[in-house]
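Colleague: Quick note, the sequences are listed as chains P, Y, H and G, same order. Using numbering that gives the first Met the number 0, the first residue of the first sequence is number 0, and each one after it goes up by one. Using numbering that gives the first Met the number 0, the first residue of the second sequence is number 0, and each one after it goes up by one. Using numbering that gives the first Met the number 0, the first residue of the third sequence is number 0, and each one after it goes up by one. Using numbering that gives the first Met the number 0, the first residue of the fourth sequence is number 0, and each one after it goes up by one. All residues carry an ideal CB built from backbone N, CA and C; glycine is no exception.
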Amino acid sequence: MDGSSNTVPNPDHSDALESAVVRFAGDSGDGMQLTGGQFTLATAVAGNDLATFPDFPAEIRAPVGTTYGVSAFQIHFGARKIRTIGDMVDVLVVMNPAALITNLNDLRRGGLIIADAGSFTDRNLRKAGYEANPLEDGSLDAYRIIPLDIQKLTQDAVADCNISNKEALRTKNLWSLGLVLWMFERDTGTTLRWLEEKFAGKADILAANKAALKAGHAFGETAEISAELPLYHVPPADIPPGLYRNITGAEALAWGLTAGCRMADLGMTFCSYPITPASQLLHVLSKMRDHDVLTFQAEDEIAAACAAIGASYAGKMGVTSSSGPGIALKTEALGLAIATELPLVVVNAQRGGPSTGLPTKTEQSDLFQAVFGRNSDAPMPVLAARTASDCFDVAIEAVRLATKYMTPVMLLTDGYLQNASEPWRIPDLEKDYEHFAKERIVTEVTDFHPYDRDGETLARPWAVPGTPGLMHRIGGIERADVTGNISYDPDNHQKMTDFRRNKILGIADDIAPQEICRGPEQGVLAILGWGSTFGPIHRAVGNMNETGLAVSHIHLRHIWPLPANLADILDRFDHVLIPEMNDGQLFKFLRAELLLEATSLRKVTGKPFKVHEIETAAAALLEGSDDE
Amino acid sequence: MDGSSNTVPNPDHSDALESAVVRFAGDSGDGMQLTGGQFTLATAVAGNDLATFPDFPAEIRAPVGTTYGVSAFQIHFGARKIRTIGDMVDVLVVMNPAALITNLNDLRRGGLIIADAGSFTDRNLRKAGYEANPLEDGSLDAYRIIPLDIQKLTQDAVADCNISNKEALRTKNLWSLGLVLWMFERDTGTTLRWLEEKFAGKADILAANKAALKAGHAFGETAEISAELPLYHVPPADIPPGLYRNITGAEALAWGLTAGCRMADLGMTFCSYPITPASQLLHVLSKMRDHDVLTFQAEDEIAAACAAIGASYAGKMGVTSSSGPGIALKTEALGLAIATELPLVVVNAQRGGPSTGLPTKTEQSDLFQAVFGRNSDAPMPVLAARTASDCFDVAIEAVRLATKYMTPVMLLTDGYLQNASEPWRIPDLEKDYEHFAKERIVTEVTDFHPYDRDGETLARPWAVPGTPGLMHRIGGIERADVTGNISYDPDNHQKMTDFRRNKILGIADDIAPQEICRGPEQGVLAILGWGSTFGPIHRAVGNMNETGLAVSHIHLRHIWPLPANLADILDRFDHVLIPEMNDGQLFKFLRAELLLEATSLRKVTGKPFKVHEIETAAAALLEGSDDE
Amino acid sequence: MNETSPMKPLGPKDFATDQDVRWCPGCGDYAILKGVQKTLADIGARPENTVFISGIGCAARFPYYMKTYGFHTIHGRAAAVATGVKLANPDLDLWIVGGDGDSLSIGANHLFHLLRRNVDVQYLLFNNEIYGLTKGQYSPTSRAGLRTPSSPAGAMEQPAHAIPFALGAGARFVARGGDVRIKELSETLKRAHAHKGASFVEILQNCIVYNDGAFGHIMDKDKADDAQIHLENGQPMRFGREAKKGLRLKPGKLQLEAVTIGENGVTEADILIHDETDRVMAGMLAAMEGPDLPVAMGVIYCAPTAAFDQQIADVMGRRNPSIKKLQNLIEAGHTWTVG
Amino acid sequence: MNETSPMKPLGPKDFATDQDVRWCPGCGDYAILKGVQKTLADIGARPENTVFISGIGCAARFPYYMKTYGFHTIHGRAAAVATGVKLANPDLDLWIVGGDGDSLSIGANHLFHLLRRNVDVQYLLFNNEIYGLTKGQYSPTSRAGLRTPSSPAGAMEQPAHAIPFALGAGARFVARGGDVRIKELSETLKRAHAHKGASFVEILQNCIVYNDGAFGHIMDKDKADDAQIHLENGQPMRFGREAKKGLRLKPGKLQLEAVTIGENGVTEADILIHDETDRVMAGMLAAMEGPDLPVAMGVIYCAPTAAFDQQIADVMGRRNPSIKKLQNLIEAGHTWTVG
Ligand SMILES: Cc1ncc(C[n+]2csc(CCOP(=O)(O)OP(=O)(O)O)c2C)c(N)n1
Ligand SMILES: Cc1ncc(C[n+]2csc(CCOP(=O)(O)OP(=O)(O)O)c2C)c(N)n1
Ligand code: SF4
Ligand code: SF4
Ligand SMILES: [Mg+2]
Ligand SMILES: [Mg+2]
């Protein structure tokens, strides 16, 4: 089991942990995201591999002290490659009763709770729904509790600073951060430097923040209760050398799309309408004007898709993004892009549904929509990113396919990937990527026809307004082969339908063959995943391999068309298990495509899989197959 | 082969034809639809079974004489049950060169052409793209041609009437109709009565029309060329006794939806936005106010869907309709209906795509969209009508399921069904239908909760605004089981997802088991169809059965959920052939659902299957299976 | 049409649900909620006959807090859903609540057609000039230059103006209120309720988290008197402390100007009388944005005409549909008998 | 930005494609097509730099007949597609063509935002007060009472008015033309073209098949003089045969009235001068629908302001993006080195 099991001291290095999971939780106003972010940075600098996950409340800012106002940040870090955010929490830092009650379920038995006892007032207890104070009534006996009056300790620490009491209280997250940094043997240097940048010019506030941070750290070393405080040692992980940074999926996507455009030598016109959890991509790209990225916040999703199509028509890389309900609105426009064969990248940051559903929760239930969700026979390639940093590469691939094949491409990510961060070895954009052809825009063509196809890719030429001599007209009514004029001819319709299908099917020969990313090349059981289930599946397979079980992990990047060798690979296994955060969509899709008899593992709770859930399902299949 | 093959005199009754196919074609302004409609009526009254298909030009009214302004009407009628509009035409009446050039392909070799030679002027020939006059240059040697100067003959016939020359020329379609009526031994009575109604109060016009009609009829009997004119005898078909009328799919749908509402004792609020070929339904329903049908022409498809949802929320049967691109726009709203579990009927009159595609041509390519085309896990029942008159029964079934299960229901029809007409034995609405429960609206509930489900159907209660004591709030954010309050709880989301899935799956036990509609109960080959392919498949299977080939026809009405016994039935056949007017959607869908290994027969030309195309594909499979 | 339980007078609290209100502390929406609950109590609304419909956004959470019928629909579509509800049952008392994004961005087309058709509802547009729920992107009503996560260099669009938009759409009742002077807002809401047809009310609302103080120059206590004018039909259009200021037409021009009574020879008689049926004046009042002219509050325009839903209901009438009648329909026209 | 071939003067025919024009014989669209082709020739437009974008409808077939770049998009979305085109390349000369259904029914939201944002395009709304392509259902501009297949008892909606809608949306150039007086239409189109920012032109167009004569009372030769007024900036607003009639403000009222020079003491000096920058007057002119007042033709309102696409282009500037620059970006901020 990921996370929790490994905090139990590793038998080989009795003083070291292989990995640990820490969660900071408090009121929306308590600065937990900032605390988590700083802890992450210090941890990365200490050489651990890690994965993080912020968990915002759905309400913008609910009344202080309520359960639905709780904001949390989780980090899983370790001495080995970290694949998940961790099944169970080892150390839970809570700033109030509401944070405790909403997060306790995820704490492993025997886990540590650091609680700001000062905030466990009657009023706050009542707001959280406690009848008695859990720090005192014995109800937390299964855990280790360290109640500290962090409010008071912070106030004392900053007493000499020239700030108001309200401002003083605001620094209590830094006090807590200091303490936890100490517990995990990290120093305060990274955070101190960051504070100096952030509060440059605000000397008093800066001084207070520094004081609080240092006081928390010092408290660990000197306080009387320090004997109770565990000290954890998580040695650096063995990760490939290189320059690293932390990256969220949204950032990776933004940069990857831009990198793809640079490789294609195209400006990007990004058109979107805000929606959780896709908006982050709009925000990041809005700041990238220097890289020829123009962002347009449209009046709705339809306008966003249409404007992106217009931009592609005019010779830019049109990109649009949304989440499930917004993608639904774009459907008709996607049909137009398919019919007019214009390049377009459509990013879908999936969330819980149907309808408004669970906007802030993750789910991967838009696979059907991506592959099948359009009127008529309207094929388009579908890609899915597996991790935050993988978003970068998938985005480049999307731009490559869109421009090479003159087609819209659907790129699936999800709420988890958008917000989760992980260290990313920064690539060398010039050397690490096979540069694909420069812009495919034609400028001089003798005997130009807008639907004259490339013999190999079947792509039509991209001739953009402003180019002398190539004036032409395109539209959504069926177009005659070659000329593109309106045609109602029956045979032409069949021919164009065949072209549209075959063009996309042909991509199967232009993508990397499917690989098995962990485990034996053949055997009893393959676990087949797509999207953000990568982490838990990979860890589960690793764990099982370590205990000698022959299980393999296969992870799809290309959902449509599927890699040409996928059927062959799957054939080599007796069982295929398909875990999905939906009601079995890839499972059904592969039945349709490959007549694959697989086992579906479904989880529709808005939460990522836990490693042990996958291990359990795999074990059941392995046992079942022993019986045979 | 349907149609053409059977005009060859039937061996048993050497003077009689089993069936014949006649097509009238002319300029949009030539009144071909009217001519066809009147011929149909006379034929129905003569006791034949029949099927008709109007083929309008896509342009509203293109310039006179052009090929894209040609309007045609085809009728297939016979002494047996008529299933299709006929593969090939036996008698082609053309009013100008453009009509000839666009319709000749469908005439069987040896078929008869009646051409208005007067309109084969140089100008018209050029407009149609002829370099020489085909009536004279021998290029039609494979056919029998009867060129008549119909313009002139008509002018002569009405010379004594007090009308302008323009008006005189307008009656030439009636002259042609008279002639063809004579050829098929029909009298002019029905048409004369109809003319009297239509031109009541316009004595001169009426007189001219009557004169033209009678002159055409008389011409057959008396004209010098009458020896050349074949006389066809198509005896009455052996059809079940009853009161009959002609009905188009659009009418049948309109009346069926209304009948369903009457059975449920609900008013209907029909909300739509015009689009070909769905608009016809709006037009018919707009005149049905007396039957508590309120129609609302919304500002777009999204508004139409939302208004229908609003109407259902307020206690009416909300119905919305469109065609593929418009259904795409409704997608997000359908998610809301699924989430809030409100009854709704969504009619999709499918047309050629993708995008604007071929608006006036038929296709059945929205199956994927219907079943899978929504974000998230969002199941809803999908039904498909097979013939114009079947639309009536399917519409009733849609209302039954929507209200009983509190769910949107997708009803698929297509451009062919919307416009095609066939005789319909008028049912006794009281006796011929099992009446389903009256309106399911609750009014008095103790301890009311909006998501308290019926134990059997899993439907939630339908409590409508205006009812004292049942005030409640619903919405698209995930709802807590029972109370319907907003809930972000992970387990609740799983539970509600399961409910939504299982509620729809449960319908499989509440629908008629799948039947084999023609051919043996088991054997080598089943042809499995859905929607408007019914006619050609049924005829093909009939033809093959007659020649002793063991082929069966299975036709789906319920696409989702599938009938519970479908897998069992299909298991009894060595081969399953699935003909579809799309790129293989049911084929793929049944692989996913049943792991069915079938053979796909695809046709994406905007035209219905021809019987022989199905026979050929079936024969290939039968031969292949002999080899085994 | 619907039977109602015997009337007992209800107070504002009787319109509150048991659900915790989940807006940010200090959000202007709280005050509006109070104002609406008070209005319903004052007009003697029956909860079972009252429906709140909304799209998506912070504002759109409104129905969950009203102990009436409520439908929290999808982003931008509240007006369309509401139209269907009114067609199905014109007797319902229907309130629509939407934010500026919900109403004027994704949903502006439905709002336009609702107003044009004159569907008998009250449309409350909570304008905070920002997308609150999605964390602070600029909205169509945001002022040019506003820096937000999606406009780091400042918004570059001409903002939409709710009241001119509504007038251009053909609305017959147009008013404005704010989240601070709740009593006045409540009076305006009562007028909106009394008006048969679509009543459009823009409510200036402070988003304390993402656009705090957007209306400070109009709403702050010390500025309100001079920056707002409260319109009353048939009354002179006066404002300012002690109502010393007023509006008049610039001599010889089609332009309003603010004048002070007693200065430059201006007398009470010079001040224009508010005629809420005057469409041209409504346009001029709607265009007042400060700083020279005060922002118009209260009922700017009210000129009733037939409501769409009522017109349809009249045509539909009582039809007594029946299976028999339908049987007659399908048997009418050209039929023939076989056998 | 794009190199153009050496200029040679082009005539109207040089803008016609080889595609057969497929409107009904007698359709008003033919005349408008001629008018546009003439306009392009007159202004010396370069075909390679000119783009026609449309939605779906009879009117929307327009691009197929123009030998320029053309994009026949989907119903109602031309404005949105066009916005993307202009963002991608603000140097293009962009014309949008849409019917009344395309523009004011399904597409009104995009039109609203295009006008509000002031995207530099010419928007031509062909208003035939009917859905032509789908065979004659009433449209949002159809007059109340119009009987059509979807309104057999007569349309029951208050119609939308294109020009007031455009003004309410914040449009900075608003004009009206018709399918009969092509020379005047062409002048108006030239003005629209010259205006930087969104230019909105309503063109009254006769649908001979489904709504013949809808504008007969305005456009018929014998009625046109009295039923139309052709506006010219800075000129008195006169109309009627021999320009004997004119517009003035009703004394003491915010209302226009038609008067006859020489009658009741009216002199030339009483006639209002057209000031196309006056928004209030534009509103009054837009509201004129007959029969008392003539229908305003020509440029009703023109008050330029910065165009959205140009503003963005200015901010974007010349950026010289490169892989190197991007490499720098991804390496900036908190990074650390392993190994
Ligand atoms: C189809 C769709 N698009 C986008 C969203 C995301 N979204 C939710 S509310 C909102 C805008 C909120 O702004 P506003 O309407 O002004 O309401 P406020 O939160 O400010 O009250 C957006 C963009 C959504 N839920 N659905
Ligand atoms: C999404 C979608 N909805 C509906 C239609 C059907 N449709 C095509 S054109 C049109 C309206 C035509 O009216 P208008 O825009 O006024 O143009 P006109 O034909 O009168 O020139 C409609 C409803 C469509 N093509 N696509
Ligand atoms: S984000 Fe703004 S509008 Fe939304 S609840 Fe918070 S303060 Fe109110
Ligand atoms: S239907 Fe009307 S608008 Fe369309 S082409 Fe014909 S006349 Fe013109
Ligand atoms: Mg807002
Ligand atoms: Mg029109």
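Does the CB of residue 273 of chain P have a neighbour CB from chain H at under 8 Å?
Modeller: Position 274 of the first sequence, counting from 1, holds the residue named residue 273 of chain P. Yes, because at least one Cβ of chain H sits closer than 8 Å to the Cβ of residue 273 of chain P.
Colleague: Could you give the first and the last residue of the continuous beta strand (DSSP E) run that contains residue 23 of chain Y?
Modeller: As a first step, residue 23 of chain Y is located in the second sequence; it is residue number 24 there, counting from the start. Unbroken beta strand (DSSP E) run through residue 23 of chain Y: 18–26.
Colleague: Less than 7 Å separating the Cβ of residue 199 of chain G from some heavy atom of ligand 2?
Modeller: As a working note, residue 199 of chain G is residue 200 in the fourth sequence. Outside the cutoff, so no.
Colleague: Is residue 115 of chain G close to chain H? Criterion is C-beta to C-beta, closer than 8 Å.
Modeller: In the fourth sequence, the residue the question calls residue 115 of chain G occupies position 116. Chain H contact via Cβ: present.
Colleague: List, in order along the chain, the chain G residues whose C-beta lies closer than 7 Å to that of residue 307 of chain H?
Modeller: In the third sequence, the residue the question calls residue 307 of chain H occupies position 308. By Cβ distance, chain G contributes 155, 156.
Colleague: In whole angstroms, give me the CA-to-CA distance for residue 532 of chain P and residue 617 of chain P.
Modeller: Walking along the first sequence from the start, residue 532 of chain P turns up at place 533. Walking along the first sequence from the start, residue 617 of chain P turns up at place 618. C-alpha separation (whole angstroms): 15 Å.
Colleague: Kindly indicate the opening and closing residues of the alpha helix (DSSP H) around residue 538 of chain Y.
Modeller: Position 539 of the second sequence, counting from 1, holds the residue named residue 538 of chain Y. That run of the alpha helix (DSSP H) goes 533–545.
Colleague: Since residue 287 of chain H meets chain A, which of its residues come closer than 8 Å, beta carbon to beta carbon?
Modeller: Given the protein chain composition of this structure (P, Y, H and G), no chain A is represented.
Colleague: Using a beta-carbon distance below 8 Å, is residue 177 of chain Y in contact with chain H?
Modeller: The residue you call residue 177 of chain Y lines up with position 178 of the second sequence. By this cut-off, residue 177 of chain Y is not an interface position.
Colleague: Tell me whether residue 178 of chain G, by its Cβ, gets closer than 7 Å to a heavy atom of ligand 2.
Modeller: Counting from 1 along the fourth sequence, the entry for residue 178 of chain G is found at position 179. Answer for residue 178 of chain G: no, Cβ out of range of ligand 2.
Colleague: Name the chain P residues that come within less than 7 Å of residue 328 of chain Y, Cβ to Cβ?
Modeller: As a working mapping, residue 328 of chain Y is identified with position 329 in the second sequence. By Cβ distance, chain P contributes 331.
Colleague: I'd like the list of long-range same chain contacts for residue 2 of chain P, defined as Cβ closer than 6 Å, with 5 residues on each side in sequence excluded.
Modeller: Mapped onto the first sequence, residue 2 of chain P falls at position 3. Residue placement at residue 2 of chain P cannot be trusted, given a pLDDT of 34 that sits under 50; what the coordinates show is reported in the next sentence. Closer than 6 Å at Cβ, skipping near neighbours: 20, 75, 85, 86, 87.
Colleague: Is there contact here, the stretch 276–288 of chain Y with the stretch 302–316 of chain Y, by at least three beta-carbon pairs under 8 Å?
Modeller: Contact between the stretch 276–288 of chain Y and the stretch 302–316 of chain Y is absent, because fewer than three Cβ pairs lie under 8 Å.
Colleague: Spell out whether any CB of chain Y is found under 8 Å from the CB atom of residue 322 of chain G.
Modeller: In the fourth sequence, counting from the first residue as 1, residue 322 of chain G sits at position 323. So, not an interface residue.
Colleague: Does DSSP put residue 567 of chain P in a helix, a strand or coil?
Modeller: Along the first sequence, read from residue 1 onward, the residue named residue 567 of chain P stands at position 568. Looking at residue 567 of chain P - three-state DSSP - the assignment turns out to be helix.
Colleague: Excluding five sequence neighbours on each side, which residues of the same chain lie with their C-beta closer than 6 Å to the C-beta of residue 143 of chain P?
Modeller: Translated into the one-based positions of the first sequence, residue 143 of chain P becomes position 144. Excluding residues within five positions, the ones whose Cβ falls inside 6 Å are 111.
Colleague: Give me, in chain order, the residues of the same chain whose beta-carbon lies closer than 6 Å to that of residue 40 of chain G; leave out the 5 immediate sequence neighbours on both sides.
Modeller: Taking the fourth sequence and counting its residues from 1, one reaches residue 40 of chain G at position 41. If we look at residue 40 of chain G and ignore the five residues flanking it on each side, its Cβ neighbours are 9, 10, 11.
Colleague: With contact counted as at least three CB pairs below 8 Å, one residue from each stretch, are the stretch 43–52 of chain Y and the stretch 129–145 of chain Y in contact?
Modeller: Result no; under three Cβ-Cβ pairs closer than 8 Å.
Colleague: With H, G and I counted as helix, E and B as strand and the rest as coil, what does DSSP make of residue 120 of chain H?
Modeller: Counted from its first residue, the third sequence places residue 120 of chain H at position 121. Three-state result, residue 120 of chain H: coil.
Colleague: Nearest to residue 471 of chain P by CA position, among G/186, G/66, G/174, is which residue?
Modeller: Position 472 of the first sequence, counted from the first residue, corresponds to residue 471 of chain P. For residue 471 of chain P, the nearest C-alpha among the options comes from G/66.
Colleague: Can residue 302 of chain P be considered in contact with ligand 2, in the sense that its beta carbon sits closer than 7 Å to one or more heavy atoms?
Modeller: Translated into the one-based positions of the first sequence, residue 302 of chain P becomes position 303. Residue 302 of chain P: no, Cβ never under 7 Å from ligand 2.
Colleague: Across the stretch 378–388 of chain P and the stretch 240–256 of chain P, are there enough close Cβ pairs to call them in contact, namely three or more that are closer than 8 Å?
Modeller: The stretch 378–388 of chain P, when compared against the stretch 240–256 of chain P, does touch it at the 8 Å Cβ threshold.
Colleague: Quickly, what does DSSP pair residue 181 of chain P with across the bridge? List them, please.
Modeller: Position 182 of the first sequence holds residue 181 of chain P. Paired residue(s): none; residue 181 of chain P is not in a bridge.
Colleague: Using the Cβ count rule (16 or more neighbours within 10 Å means buried), how would you classify residue 187 of chain Y?
Modeller: By one-based count along the second sequence, residue 187 of chain Y stands at place 188. With 16 or more other Cβ atoms within 10 Å, it is buried.
Colleague: Should residue 377 of chain P be listed as close to ligand 2, given that the test is whether its C-beta is under 7 Å from any heavy atom?
Modeller: Counting from 1 along the first sequence, the entry for residue 377 of chain P is found at position 378. Not so, every heavy atom of ligand 2 lies at least 7 Å from the Cβ.
Colleague: With respect to the beta strand (DSSP E) encompassing residue 76 of chain Y, which residues constitute its N-terminal and C-terminal limits?
Modeller: By one-based count along the second sequence, residue 76 of chain Y stands at place 77. Residue 76 of chain Y -> beta strand (DSSP E) spans 69–77.
Colleague: Tell me the residue span of the alpha helix (DSSP H) that contains residue 501 of chain Y.
Modeller: What you label residue 501 of chain Y is simply residue 502 of the second sequence in a count that begins at 1. Segment 489–504, the alpha helix (DSSP H) holding residue 501 of chain Y.
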